[in-house]
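Below: the structure, in structure tokens.
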């Protein structure tokens, strides 16, 4: 079979798994593993590639902004700032 045909079949399988209610992280993991087998990407490189993709300094800001917002809301600073603004 052709690579494009295999990728299409894997993608249709992914849609089927989504419709069956399989968790998203599992479907994406299966999708990446299947696609990497089709394009002859070694499975040993998946972990390294995943780490390199997540090892981005900009991604660190998102959870820290969420944590800061939770701390501001819990301390009551947000309510005082809103009342001061009005």
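Residue numbers (my numbering): -17 to 68.
In this text, a Cβ means the ideal position worked out from N, Cα and C, and glycines have one as well.
Fully enclosed alpha helix (DSSP H) runs of no fewer than 4 residues occupy -15 to 2 of the stretch -16 to 10, in order along the chain. Between the beta-carbon of residue -1 and that of residue 9 there is about 5 Å, and that keeps the pair under the 8 Å contact cut. Closest in C-alpha terms to residue 29, from the list 53, 60, 15, -16, comes 15. Taking 8 Å as the upper bound for CB-CB distance, residue -6 and residue 20 are not in contact here, some 14 Å apart.
In the DSSP assignment, residue 37 falls outside any alpha helix (DSSP H) and carries neither an H nor an E.
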